[in-house]
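Here the structure comes first, spelled out in structure tokens, and everything after it is commentary.
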Amino acid sequence: MAWRGRRPVVPLDDLPAERGPVDVRRDADVDMEQGERWAHVRAVLARLPEKSRLALTLHYLSDWSYADIAEFLDVPVTTVVGRLHRARRLMQERLEPMVRDTFDAERLEDGHIAGIVAAAIEKTKQAQERWERVNFLAGADEALAALDPMSSDPEIVRGRVEVLGMRGDARATWIGDGPGAVRDYLHAIATADEAGGAEDAARLCKDLVAAYLRGGQYEPGRHAAENARERFEALGDHPHGAMMRAAVDLCDDLDGAWRPGEPGGYVMGVFPLRRDERGLTFDTPVSVRNYTWGRPSPSVALAWLLYPARVLGPDVTVGASWEDRITDRTGHNVLWGLPDGPEIIARSTVESDDDTVVTPAGEFRDCLRVRTTIAPPDGRVSPEYVARSHSGVRSAWYAPGVGCVKARHEDQNHVSRTVVLAAYSPVASSDYFPVDIGREWRYRWSPPKTSRYEFSVYTDTVRVTSSEDGVACLSSATVGVRRPEDGLAEHIGSDMCMEEASQDWAGKAGSIEQWLPFVDDAARRRAMLNRLVQAYEALGRDYQVIDARWRLRETDGELTPRDSLSRGRELLAAADADDDWHTQSKSMWLVGLALRGVGDLVESQTALRASAGKSADAGDLGDACARECWADQFLLEDDIPADDAHGYACGDMRLQEIDSGLHSGGATTSTSGGYPPGAAGAPLTSLPMHGPYQGVSLLGQPVGTTHTERNNVGMPWGTESKMVTSTLIDGAAVATTPCGRFEGCAVIESRHEVDVGNRVEHPDRERILGYTRGKQLSWFAPGVGLVRVRHEHDNGLATDLLLRRYSIEGGSGLLPLHIDNRWEYASTDEATGTVYEDFVRVAAKVGATWAVVFTTRATATSAA
Numbered sequence: 075m076a077w078r079g080r081r082p083v084v085p086l087d088d089l090p091a092e093r094g095p096v097d098v099r100r101d102a103d104v105d106m107e108q109g110e111r112w113a114h115v116r117a118v119l120a121r122l123p124e125k126s127r128l129a130l131t132l133h134y135l136s137d138w139s140y141a142d143i144a145e146f147l148d149v150p151v152t153t154v155v156g157r158l159h160r161a162r163r164l165m166q167e168r169l170e171p172m173v174r175d176t177f178d179a180e181r182l183e184d185g186h187i188a189g190i191v192a193a194a195i196e197k198t199k200q201a202q203e204r205w206e207r208v209n210f211l212a213g214a215d216e217a218l219a220a221l222d223p224m225s226s227d228p229e230i231v232r233g234r235v236e237v238l239g240m241r242g243d244a245r246a247t248w249i250g251d252g253p254g255a256v257r258d259y260l261h262a263i264a265t266a267d268e269a270g271g272a273e274d275a276a277r278l279c280k281d282l283v284a285a286y287l288r289g290g291q292y293e294p295g296r297h298a299a300e301n302a303r304e305r306f307e308a309l310g311d312h313p314h315g316a317m318m319r320a321a322v323d324l325c326d327d328l329d330g331a332w333r334p335g336e337p338g339g340y341v342m343g344v345f346p347l348r349r350d351e352r353g354l355t356f357d358t359p360v361s362v363r364n365y366t367w368g369r370p371s372p373s374v375a376l377a378w379l380l381y382p383a384r385v386l387g388p389d390v391t392v393g394a395s396w397e398d399r400i401t402d403r404t405g406h407n408v409l410w411g412l413p414d415g416p417e418i419i420a421r422s423t424v425e426s427d428d429d430t431v432v433t434p435a436g437e438f439r440d441c442l443r444v445r446t447t448i449a450p451p452d453g454r455v456s457p458e459y460v461a462r463s464h465s466g467v468r469s470a471w472y473a474p475g476v477g478c479v480k481a482r483h484e485d486q487n488h489v490s491r492t493v494v495l496a497a498y499s500p501v502a503s504s505d506y507f508p509v510d511i512g513r514e515w516r517y518r519w520s521p522p523k524t525s526r527y528e529f530s531v532y533t534d535t536v537r538v539t540s541s542e543d544g545v546a547c548l549s550s551a552t553v554g555v556r557r558p559e560d561g562l563a564e565h566i567g568s569d570m571c572m573e574e575a576s577q578d579w580a581g582k583a584g585s586i587e588q589w590l591p592f593v594d595d596a597a598r599r600r601a602m603l604n605r606l607v608q609a610y611e612a613l614g615r616d617y618q619v620i621d622a623r624w625r626l627r628e629t630d631g632e633l634t635p636r637d638s639l640s641r642g643r644e645l646l647a648a649a650d651a652d653d654d655w656h657t658q659s660k661s662m663w664l665v666g667l668a669l670r671g672v673g674d675l676v677e678s679q680t681a682l683r684a685s686a687g688k689s690a691d692a693g694d695l696g697d698a699c700a701r702e703c704w705a706d707q708f709l710l711e712d713d714i715p716a717d718d719a720h721g722y723a724c725g726d727m728r729l730q731e732i733d734s735g736l737h738s739g740g741a742t743t744s745t746s747g748g749y750p751p752g753a754a755g756a757p758l759t760s761l762p763m764h765g766p767y768q769g770v771s772l773l774g775q776p777v778g779t780t781h782t783e784r785n786n787v788g789m790p791w792g793t794e795s796k797m798v799t800s801t802l803i804d805g806a807a808v809a810t811t812p813c814g815r816f817e818g819c820a821v822i823e824s825r826h827e828v829d830v831g832n833r834v835e836h837p838d839r840e841r842i843l844g845y846t847r848g849k850q851l852s853w854f855a856p857g858v859g860l861v862r863v864r865h866e867h868d869n870g871l872a873t874d875l876l877l878r879r880y881s882i883e884g885g886s887g888l889l890p891l892h893i894d895n896r897w898e899y900a901s902t903d904e905a906t907g908t909v910y911e912d913f914v915r916v917a918a919k920v921g922a923t924w925a926v927v928f929t930t931r932a933t934a935t936s937a938a
């Protein structure tokens, strides 16, 4: 490896003319006084060290960027930043008043400057809120130009720090310019340091660490994290000091194990743990995340203990109990908050103090077992998916002198997750959750129901970094990576052995359920299913016993349609006995599918709609919509089956009624046929790709009103954040479609952007994003609703989606909503000629939220 060379220092007079200092004089007959001033400035510049003088001149007089100067001098960007700020300090020490006047000669009055700066910063913030890249960068440049880099005025310096930090944040995230973000943060940190802004500098150092991690630069990230930690500790900011301790752990763990763009990711966080008369309770955590696995699954080990946040009560003798209410609506980066609806009640009981638990860290005797039952106030299954994910039963085991060694959450979605202690640092103590400084735990878990092709393991390194006034700060560094499939069998075997040794029937059942999808060998599957039946019988769970026995029968061969019908009806009877609407709806659905399999399409539709109705009656709009749209798709497939020439997608869109009008609540989509591969062609999920109802809050507002909204969009590679900025541009337009001419239409213009800061590689990524991004026009006709959508994609193509048929049962206005209102649309993909038909229906309403389901049929050119 060749050593990096250093170029000799270049005298200013020897610079090429096109890269030399700009002639700041206004014309050839500059007066003598001005000439003398500039001569004095040159004299002061000449007294600076040559390296600092050259960096200062290139940056301020020739308008070179840090990167340009670094490239020219062949030095790191950090060296350039250091030279610039040394030069500025020396200039301020040596400049006389006359010289300062020279630099300030063209400045406006302070009031004018303040106005210009405020306007530029406001313009920048507005562009950032809408992800308008060009306007944002232009606004930031304008603000920085108005903020004199030579000024020592505290307000000016703070303004530069704010704008540089803001630009760094944008470049690190939605703009996706990691190197640019690093340059901005370094410049902002140096500026804040020079002005004595220790808190600003520390905060920016933390942001710099996040930028390094996003870019996979783990070595500079580690050094930056250690620097940031020292800064926070000097300020007495223990939580953020703990965060940077987690960042150091991440840089160590990620190096060689995970790179940006790969499945998985990381989270760094800090969890304040308070000990008082109520017991042991977590305060609100602080975290920074960059991962591709989803919530509401807990994304760090300690998040498993967040809802409820009280880990242990004041009395931990067997039989002791306590109650907490989960009311948090905001959530955290590591866990979703509760949706609108009732709070959740958590009742905890100490069930045992002599359990034996086996984990990868060893065998732990005399463990405390705490069982927490979490449910809505009525004790039934929650009507909302996220609330069901937080509800259920949480069991946690605490070993004396060690802490939490195992936690399992069986939620109301019938998903079981278990986290176990993989390693720890022994410290003498008898507490069930010791928090002495220096203590360390390492936890491990795998996500539930993972595809066999995505065998992943997550580890979380937790440390006690400080303890003061009854509050301990626990740093948390979580890494999730995909593991080679050849290690899967060993992993399964290890988990099963640990659950067997712990004599934990629920843990054994959860472990089998988690790993069954990975097992292909019929004999091994039969053995695991027999053990699963045994576990559910021991737990007294009749519904699960019946289900496991039917799966056991499947190992001997595929069930006949009649067998599937018997299975569904037997499960439905068990669900009815349990009075569990969730399993009732699921079993009705299985009956409907089985009836479809035996050819009874009419009764099949009846059962499928009954399943959706059961979920809707319970208040689960998401589950109801999923079943409604699939039932609609089955009807269409009965007419034209899915094949090589025809593909289907279905899903739902939400509209919420609030005081100010309708608001779009996003869309969910599932596909039958997926995204067509190749370099051309629109993604199959045609309708939600256009976001037809985004911006509907503008309907009825004055022309010119603007609205911005963000939502998550499902893509083949994961979830992307989408920003849509909409403006009502016309209130009396005309739209012509195959089913007629519509007057008095409201027209909404929208700009669709996608956050590119957390890039995940995928072969179809650019093609799909080329269709997703762009400008869209939507026409809404009075008494009819959406009649036309024109999407001008960023790939240069355009899609015109036109109304061809509709049926309005009720409702009024520009988007009439009434159960069973229907619309049909058609469009043609310019690239391939594929014809898309969209069948849209108002399917349900729960509370103030309407659900509009859709089914899209794509027909290839050869079959159109």
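Final position of the sequence shown in the working numbering is 938; the numbers increase by one with none missing. In this text, a Cβ means the ideal position worked out from N, Cα and C, and glycines have one as well. Given the structure is predicted, the values throughout are model-derived calculations rather than measurements.
Among Leu682, Asp874, Ala272 and Gly693, nearest to Pro918 - alpha-carbon criterion: Within the sequence shown, residue 918 is the residue found at index 844, counting from 1. The sequence shown places Ala at residue 918, rather than the Pro named in the question. Answer by Cα proximity: Gly693.
Neighbourhood of Ser689 by C-beta, 6 Å cutoff - its chain only, sequence neighbours within 5 removed: In the sequence shown, the residue the question calls residue 689 occupies position 615. Correct list, in chain order: Ser659, Asp697 and Ala698.
Where Ile418 falls: helix, strand or coil (DSSP): Within the sequence shown, numbered from 1, the residue matching residue 418 stands at position 344. In this structure, Ile418 counts as strand in the three-state DSSP scheme.
Own chain, CB closer than 6 Å to Ile893, minus 5 neighbours either side, in chain order: Here residue 893 corresponds to residue number 819 of the sequence shown, with the count starting at 1. Counting only Cβ-Cβ distances below 6 Å, and skipping sequence neighbours, we find Val916.
Nearest candidate by alpha-carbon position, reference Thr780, set Leu802, Pro766 and Pro359: One-based indexing of the sequence shown puts residue 780 at position 706. Nearest C-alpha to Thr780: Leu802.
The beta strand (DSSP E) enclosing Tyr340, as first and last residue numbers: As a first step, residue 340 must be located in the sequence shown, where it is residue number 266. Gly338 to Asp350 is the span of the beta strand (DSSP E), which, as asked, contains Tyr340.
8 Å Cβ cutoff met for Ser530 and Gly343: Residue mapping note: residue 530 aligns to position 456 of the sequence shown, counting from 1. Residue mapping note: residue 343 aligns to position 269 of the sequence shown, counting from 1. Going by C-beta atoms, Ser530 is not nearer than 8 Å to Gly343.
Whether Ala900 touches Arg864 by CB criterion (8 Å): Locating residue 900 in the sequence shown gives position 826, where the first residue counts as 1. Locating residue 864 in the sequence shown gives position 790, where the first residue counts as 1. It is not a contact, given that the beta carbons lie outside the stated cut-off.
Beta-carbon proximity check, Val494 vs Trp519, cutoff 8 Å: Position 420 of the sequence shown, counted from the first residue, corresponds to residue 494. Position 445 of the sequence shown, counted from the first residue, corresponds to residue 519. Closer than 8 Å, so yes.
Closest by C-alpha distance to Asp951, when choosing among Arg931, Ala905 and Glu904: Missing from the structure shown is residue 951; the chain here goes from 75 to 938 and no further.
Integer Cβ distance of Val374 from Asp534, believed to fall under 8 Å: The residue given as residue 374 occupies position 300 in the sequence shown. The residue given as residue 534 occupies position 460 in the sequence shown. Correct: roughly 5 Å between the Cβ atoms.
Reference Lys197, options Glu206, Gly213, Arg207 and Val676, closest by Cα: Mapped onto the sequence shown, residue 197 falls at position 123. Of the candidates Glu206, Gly213, Arg207 and Val676, the one whose C-alpha sits nearest the C-alpha of Lys197 is Gly213.
Proximity below 8 Å, CB of Gly475 to CB of Asp505: The residue given as residue 475 occupies position 401 in the sequence shown. The residue given as residue 505 occupies position 431 in the sequence shown. Yes.
Cβ separation of Val235 and Ala262, assumed to be a contact under 8 Å, to the nearest whole Å: In the sequence shown, the residue the question calls residue 235 occupies position 161. In the sequence shown, the residue the question calls residue 262 occupies position 188. That pair is a contact at about 5 Å.
Residues of its chain near Asn301, where Cβ-Cβ distance is below 8 Å and the 5 sequence neighbours each way are ignored: Start at 1 with the first residue of the sequence shown, and residue 301 comes out as number 227. Contacts found: Cys279.
Proximity to Gly642 [Cα-Cα], best of Val390, Gly466, Glu206 and Thr657: Stepping through the sequence shown from its first residue, residue 642 is reached at position 568. When only C-alpha atoms are compared, the closest one is Thr657.
Status (buried if at least 16 other CB within 10 Å, exposed otherwise) for Ile418: One-based indexing of the sequence shown puts residue 418 at position 344. Buried, because 16 or more other Cβ atoms sit within 10 Å of the Cβ of Ile418.
N- and C-terminal bounds of the beta strand (DSSP E) containing Trp663: Within the sequence shown, numbered from 1, the residue matching residue 663 stands at position 589. Note, Trp663: premise wrong, no beta strand (DSSP E); alpha helix (DSSP H) at Trp655 to Gly671.
Residue environment, Glu883, which counts as buried when at least 16 other CB atoms sit within 10 Å: As a working note, residue 883 is residue 809 in the sequence shown. With fewer than 16 Cβ atoms within 10 Å of its Cβ, Glu883 is classed as exposed.
Three-state class that DSSP yields for Tyr506 in the structure shown: Along the sequence shown, one-based indexing puts residue 506 at 432. Tyr506: coil per DSSP, three-state reduction.
Straight-line gap, Asp428 to Met602 (C-alpha atoms, nearest Å): The residue labelled residue 428 in the question sits at position 354 within the sequence shown. The residue labelled residue 602 in the question sits at position 528 within the sequence shown. Roughly 28 Å between the two C-alpha positions.
Start-to-end residues for the beta strand (DSSP E) that takes in Glu206: Here residue 206 corresponds to residue number 132 of the sequence shown, with the count starting at 1. No beta strand (DSSP E) holds Glu206; DSSP gives it neither H nor E.
Candidates Cys703, Pro715 and Leu386: closest to Met727 by CA position: Numbered from 1 along the sequence shown, position 653 holds the residue referred to as residue 727. For the residues Cys703, Pro715 and Leu386, the minimum Cα distance to Met727 belongs to Cys703.
Expected contact under 8 Å - CB spacing of Lys849 and Arg815 to nearest Å: Indexing the sequence shown from 1 puts residue 849 at position 775. Indexing the sequence shown from 1 puts residue 815 at position 741. Rounded, the Cβ-Cβ distance is 24 Å, inconsistent with contact.
Whole-angstrom distance between Val467 and Gly411, CA atom to CA atom: Within the sequence shown, numbered from 1, the residue matching residue 411 stands at position 337. Within the sequence shown, numbered from 1, the residue matching residue 467 stands at position 393. C-alpha separation (whole angstroms): 18 Å.
Contact under 8 Å by Cβ, Gly353 with Pro388: Counting from one through the sequence shown, the residue named residue 353 turns up at place 279. Counting from one through the sequence shown, the residue named residue 388 turns up at place 314. Contact flag set, yes.
Alpha-carbon to alpha-carbon, Ala497 and Asp440: The residue labelled residue 440 in the question sits at position 366 within the sequence shown. The residue labelled residue 497 in the question sits at position 423 within the sequence shown. Cα-Cα distance, rounded: 18 Å.
Integer Cβ distance of Arg599 from Thr629, believed to fall under 8 Å: If you number the sequence shown from 1, residue 599 lands on position 525. If you number the sequence shown from 1, residue 629 lands on position 555. With 8 Å as the limit, Arg599 and Thr629 qualify as a contact, their Cβ atoms being about 5 Å apart.
Span separating the alpha-carbon of Arg174 from that of Ala219: What you label residue 174 is simply residue 100 of the sequence shown in a count that begins at 1. What you label residue 219 is simply residue 145 of the sequence shown in a count that begins at 1. Reliability fails at Arg174, whose pLDDT of 46 lies under 50, so the model's placement of it is uncertain and the value that follows must be treated cautiously. Roughly 18 Å separates the two Cα atoms.
Straight-line Cα distance separating Ser465 from Ala157: Reading the sequence shown from its first residue, position 83 is the one you call residue 157. Reading the sequence shown from its first residue, position 391 is the one you call residue 465. Checking the displayed sequence, the identity of residue 157 turns out to be Arg instead of Ala. Spanning the two alpha carbons is a distance of roughly 57 Å.
Buried or exposed (CB count within 10 angstroms, at least 16 for buried), Met318: Taking the sequence shown and counting its residues from 1, the one referred to as residue 318 is at position 244. So Met318 ends up on the buried side.
Beta-bridge pairing of Arg482 - partner residues as DSSP gives them: The residue labelled residue 482 in the question sits at position 408 within the sequence shown. Answer is Ser469 and Thr492, bridged to Arg482.
Integer-rounded CB distance, given that Ala321 should sit under 8 Å from Gly939: Beyond the ends of the chain as shown, which are 75 and 938, falls residue 939; an answer cannot be given.
Opening and closing residue of the alpha helix (DSSP H) in which Asp549 lies: Residue numbering aside, residue 549 sits at position 475 when the sequence shown is read from its first letter. Inspection of the sequence shows that residue 549 is occupied by Ser rather than by Asp. Note, Ser549: premise wrong, no alpha helix (DSSP H); beta strand (DSSP E) at Val545 to Arg556.
Where Ala497 sits in the DSSP three-state scheme: Within the sequence shown, numbered from 1, the residue matching residue 497 stands at position 423. Strand.
Between the CA atoms of Met662 and Tyr517 - distance to the nearest angstrom: By one-based count along the sequence shown, residue 517 stands at place 443. By one-based count along the sequence shown, residue 662 stands at place 588. When rounded, the distance between both Cα atoms is 39 Å.
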